[in-house]
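Chemist: Every letter in the sequence shown is one number past the one before it in the working numbering, and letter 117, counting from 1, is 215.
Glycine included, each C-beta is placed from N, C-alpha and C at the ideal position.
Below is the structure I would like to discuss, written out as structure tokens.
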Amino acid sequence: MRRLLPRSGGSIAALSMILAFASGSASIASETIRIRPGFQRILERTGVSRLSVGNPEIVEAQPLPRNGGILVVGKMEGETDLVLWEKDSRTVWHVEVGSGKRSIAEDARAFAGAFPGLSVVEAGGSVILSGPVAASQDKNVLEAYAHAHPGVHL
């Protein structure tokens, strides 16, 4: 059997070092860019020499004149990445394009978090809030919430 890799790990380590220096340092942006289709956002970045979008059907990005930043426009729902090459580094942004609307259940769970012991159950197209509440005022708030949100029941 013929050996494809050298016996020494030193060659592999050297190759890894060369690739790391050649590509420059890359960092992942801690913030995810969230945008709705048809909306735009400006990233305050200067000195960007190049940019790349993973899936241009989901998002469009272009530099603004006079170092005015990077314009990002949501085109259709989905996820992709945006890479910005700056002076000595590269930054990778995760981009999510979505409607921005939470489901009835997600909204109800967020609301129910203010009431310890309250549970949220999905049943068909409805959401049921159940459990004890500490005061009658809490019950009134829950009833008002259910009344204002079709599909939510107590």
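1. Please say whether residue 227 and residue 246 have beta carbons closer to each other than 8 angstroms?
2. Taking the straight line between their C-alpha atoms, what separation do you get for residue 213 and residue 231?
3. DSSP puts residue 223 in a beta bridge; with which residues?
4. Residues in its own chain within less than 6 angstroms of residue 205 by CB, not counting five upstream and five downstream?
5. Which ranges does the beta strand (DSSP E) cover as unbroken runs of at least 3 residues, wholly within the region 202-251, from first to last along the chain?
6. Please tell me whether residue 197 and residue 175 are closer than 8 angstroms, where the distance is taken between their beta carbons.
7. Tell me the residue span of the beta strand (DSSP E) that contains residue 157.
8. Mind checking residue 219: buried by the 16 CB within 10 Å criterion, or exposed?
9. Can you give me the Cβ contacts of residue 252 inside the same chain, cut-off strictly under 8 angstroms, excluding the 5 residues immediately before and after it?
10. Kindly indicate the opening and closing residues of the beta strand (DSSP E) around residue 172.
11. Please list, in chain order, all residues of the same chain as residue 125 whose beta carbon is under 8 angstroms from its beta carbon, the five residues on each side excluded.
12. According to DSSP, is residue 195 helix, strand or coil?
13. From this set, 181, 145, 236, 134, which residue's C-alpha is nearest residue 159's C-alpha?
14. Pull up the distance between the alpha-carbon of residue 221 and that of residue 248, whole angstroms please.
15. Taking only the alpha-carbon atoms, compute the straight-line gap between residue 179 and residue 237 and give it to the nearest angstrom.
Modeler: A quick look at the data gives this:
1. Reading the sequence shown from its first residue, position 148 is the one you call residue 246. Reading the sequence shown from its first residue, position 129 is the one you call residue 227. Cβ atoms of residue 246 and residue 227: not closer than 8 angstroms.
2. Translated into positions along the sequence shown, residue 213 becomes position 115. Translated into positions along the sequence shown, residue 231 becomes position 133. When only Cα atoms are considered, residue 213 and residue 231 end up about 7 angstroms apart.
3. Residue 223 sits at position 125 when you count from the first residue of the sequence shown. Looking at the DSSP assignment, residue 223 forms no beta bridge with any residue, so it has no partner.
4. Residue mapping note: residue 205 aligns to position 107 of the sequence shown, counting from 1. Within the same chain, residue 205 has no close Cβ partners at all.
5. Runs of the beta strand (DSSP E) inside the region 202-251: 217-221, 224-228.
6. Your numbering for residue 197 matches position 99 in the sequence shown. Your numbering for residue 175 matches position 77 in the sequence shown. Their beta carbons are under 8 angstroms apart, which means residue 197 touches residue 175 by this criterion.
7. Working through the sequence shown from its first residue, we reach residue 157 at position 59. Here the beta strand (DSSP E) through residue 157 covers 157-161.
8. For the purposes of this step, residue 219 is taken as residue 121 along the sequence shown, with counting starting at 1. Residue burial annotation: residue 219 is exposed, with fewer than 16 other C-beta atoms found within 10 angstroms of its C-beta.
9. For the purposes of this step, residue 252 is taken as residue 154 along the sequence shown, with counting starting at 1. Excluding sequence neighbours, residue 252 sits near 226, 227, 228, 240, 241, 244.
10. Against the sequence shown, residue 172 aligns to sequence position 74. Unbroken beta strand (DSSP E) run through residue 172: 168-172.
11. Sequence index remark: in the sequence shown, residue 125 carries index 27 (1-based). For residue 125, where only same-chain residues beyond five positions count, the Cβ hits under 8 angstroms are 187, 188, 189, 190.
12. Locating residue 195 in the sequence shown gives position 97, counting from the first residue. Strand.
13. The sequence position of residue 159 within the sequence shown is 61, counting from 1. 181 is the residue among 181, 145, 236, 134 whose C-alpha sits nearest the C-alpha of residue 159.
14. To locate residue 221, count along the sequence shown from 1; it is residue 123. To locate residue 248, count along the sequence shown from 1; it is residue 150. Between residue 221 and residue 248, the C-alpha separation is close to 14 angstroms.
15. Taking the sequence shown and counting its residues from 1, one reaches residue 179 at position 81. Taking the sequence shown and counting its residues from 1, one reaches residue 237 at position 139. Going by C-alpha positions, residue 179 is about 45 angstroms away from residue 237.
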